[in-house]
Structures are given as C-alpha cells and as structure tokens.
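**Q** Residue numbers (this note's numbering): 2 to 340.
1) Go through its chain and collect everything with a Cβ distance to residue 340's Cβ below 8 angstroms, but skip five positions before and after it.
2) Using the rule of at least 16 other Cβ atoms within 10 Å of the residue's Cβ for burial, across every protein chain shown, is residue 250 buried or exposed?
3) At the level of alpha carbons, what is the spacing between residue 223 and residue 74?
4) Which residues bound the beta strand (DSSP E) around residue 63?
5) Could you tell me which residues DSSP puts in a beta bridge with residue 289?
6) To the nearest whole angstrom, what separates the beta carbons of residue 20 and residue 41, a pair I think is in contact under 8 angstroms?
7) Would you report the Cα separation of residue 201 and residue 159, rounded to the nearest angstrom?
8) Excluding the 5 residues preceding and the 5 following residue 270 in the sequence, name in chain order all residues of the same chain whose CB lies nearer than 6 angstroms to its CB.
9) So who's on the other strand from residue 268, going by DSSP bridges?
10) Taking just the CA atoms, how far does residue 92 sit from residue 166?
11) Note down the Cα distance separating residue 195 from residue 38, rounded to an integer number of angstroms.
12) Please list the segments of the alpha helix (DSSP H) lying wholly inside the region 166–212, counting only runs of 4 or more residues, in order along the chain.
13) Give the secondary structure of residue 92 by DSSP, where H, G and I count as helix, E and B as strand, and everything else as coil.
14) Can you find the residues in the same chain that come closer than 6 angstroms, C-beta to C-beta, to residue 47, ignoring five residues on each side of it along the sequence?
15) Assign residue 35 to buried or exposed, taking buried as 16 or more other Cβ atoms, counted over all protein chains shown, within 10 Å of its Cβ.
16) Taking only three categories from DSSP, how would you classify residue 74?
17) Just to confirm the assignment, what range does the alpha helix (DSSP H) spanning residue 251 have?
18) Please confirm whether residue 100 and residue 147 have their CB atoms less than 8 angstroms apart.
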C-alpha cells in the first residue's frame with residue numbers, strides 16, 4: 002500500500018508539502034499541487050480520512066445516546082437518526098445506558114475520547130442535580146431530543162405535547178367520555194410532565210378536571226401500568242377512558258384488562274400519546290398520536306451539522322433553539338362512543 006512518503010518521492014517534494022496539499026493546511030503553489038496530485042494518482046495513494054480528521058480536529062462521526070434501546074421510541078429514533086446522518090455524509094456512534102445517569106456520563110466521556118464531532122442526546126433526566134452534572138460533560142456541540150434539560154445551552158427538538166394533549170382530549174370528549182384516567186411516567190421529566198399537565202389542563206378547560214385518584218405518576222413501565230389498570234377497573238366508579246404516555250404502558254394496560262376478563266374498547270376506551278407503528282399491531286389497534294420520528298431525526302441532525310459546519314465562531318454561538326414538532330391523531334379501534 003502506497004504511503005505519503007511514496008507520494009513525496011514520486012513528486013520530488015517533501016512529505017510536508019504533500020501533507021499541506023492533501024489537508025489544505027498551508028499554501029501550496031498551483032504547480033506543486035499539480036505535481037503532488039499527479040504523484041498521488043501514479044502511486045495509488047489513498048488518504049486515511051479518519052487520521053486526516055483527527056489531525057485537523059475534524060470528524061464526520063456523531064454520537065447518539067438514548068436511555069433504553071429496548072423502548073420502541075428510542076429504537077425508532079436510532080434508526081431514523083442513522084439514516085438522517087448518513088444522508089448528510091456522517092456516520093453514527095451509538096450508546097444505550099439503560100436509564101442509568103452514571104452510565105450516561107460514562108458514555109459521553111467515551112464518545113468524546115473517540116473524537117466524535119458532536120452529540121445527539123436523548124437524556125435520562127434522572128438523579129439529583131441532573132442538569133448540573135450533565136451540562137459540563139457535554140463539551141462538544143450537542144442537540145437534545147425528546148426531553149428538555151432546563152438551562153442547557155443546546156438546541157432541542159421535542160414533540161409539541163401540549164398540542165397532542167388537546168387532540169387526545171378533544172377526541173375523547175367528542176365520544177362522550179368524562180371520567181378519564183391518566184397513566185403517566187416519572188415526574189420531573191419534561192415529556193412526561195408536559196403530557197400529563199397538558200391533558201389535565203385541556204380537561205379542566207372543558208369543565209371536566211381529572212380527579213387525583215385517576216392519575217398515576219411514576220408508572221412508566223409495563224408492569225406498573227398493568228397494576229394501575231387493574232386498580233382502576235376494580236373500582237365501583239371506574240373510568241370510561243384511559244390515557245397512556247408511552248407504548249410500554251399501553252401494552253401493560255391491555256394485559257391488565259385481559260387478566261380481569263376485560264377488553265378495550267368494550268369495557269374502557271384506550272388512547273395513547275405514543276404511536277409509532279406498534280399501535281396498529283395491538284388488539285385492538287390503538288388510537289394514538291403519530292409522531293413524525295424521521296422529521297425529529299432530520300431536524301436534530303440538521304441543527305447539529307449546521308452548528309458543526311458554521312464557518313465562524315459567531316454563527317456557532319447563536320442562542321439555542323427549541324423546536325416543537327406537531328403530532329397527528331390516528332383514530333383506530335381502541336376508543337368507543339360512550340352510551
């Protein structure tokens with residue numbers, strides 16, 4: 002395999018001149034540049050782009066960090082992000098931390114050691130002083146997705162959860178539902194808080210506030226939603242509709258109903274914020290918000306690469322942007338008109 006020394010010998014120039022020609026790191030006359038390029042072709046030298054990027058402090062590799070790749074939403078984000086980055090000439094370095102903020106910090110450090118150009122972070126938002134710990138660790142250009150980290154000086158792409166809540170509530174009210182329960186996730190995480198607060202606000206505005214005993218927080222897992230469904234449906238005054246925050250909760254509710262000999266929508270209507278293609282695979286098929294995950298990935302990749310490829314430090318230092326992308330409600334067969 003030809004080396005840079007072979008090119009220098011064939012061109013009759015120094016290795017420094019060959020390096021300057023390849024890397025554009027110093028002025029080289031047109032005559033010398035032509036000789037070097039001819040020598041490169043003659044000896045069959047192929048520059049190593051990884052080594053070149055490291056020398057120049059550049060990289061075309063982006064790190065993606067997600068809390069749990071087993072979660073359908075995170076898996077879909079990873080697939081779409083890889084496609085979006087590939088279309089822009091970048092590759093992806095991936096890590097899943099199992100919802101462990103300590104591992105998340107370790108993964109960020111490891112990616113920095115691998116000289117990634119920037120990061121797309123789907124944050125855990127867990128643990129005391131999370132923002133205080135995570136923000137200093139993000140020493141490379143970063144875009145946050147799905148969850149907002151208060152005070153983080155980075156661009157952020159999230160779903161418009163307030164709009165989604167209004168779409169869900171409007172649909173249930175149109176079907177005559179008034180006794181509506183919400184199974185939510187961890188408090189203190191923006192996506193869960195926004196979905197719960199948005200649903201409660203929309204119902205309150207319509208004159209049908211959600212009773213506190215119809216709200217389950219910290220029930221993000223399938224087994225927790227299973228027990229919540231059993232609890233709700235064993236009551237004398239049980240809800241006529243249940244709202245879930247994510248796909249795992251939806252699966253848990255369906256199993257909880259099945260364990261009691263109940264079924265949606267015959268015994269209770271079921272609707273979810275988390276759509277994906279899995280909603281059409283349940284029995285019944287779940288009425289849900291359809292999140293445009295490719296659009297989220299495209300927007301995040303575009304924002305990050307725009308920062309990376311900005312030609313001056315002023316452009317790179319513009320204020321962080323927050324982009325909220327709308328979802329649409331897909332009506333399937335899990336909700337029924339009351340009465």
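Every residue, glycine too, gets a C-beta built ideally from N, C-alpha and C.
Just so it is clear, the structure is predicted and the values come from calculations on it, not from any experiment.
**A** This is what the structure holds:
1) 177
2) buried
3) 14 angstroms
4) 62–67
5) 273 and 331
6) Residue 20 to residue 41, Cβ: 12 angstroms. No contact.
7) 20 angstroms
8) 242, 336 and 337
9) None; residue 268 has no bridge partner.
10) 35 angstroms
11) 58 angstroms
12) 191–206
13) Three-state DSSP puts residue 92 in a strand.
14) none
15) exposed
16) helix
17) 248–260
18) no
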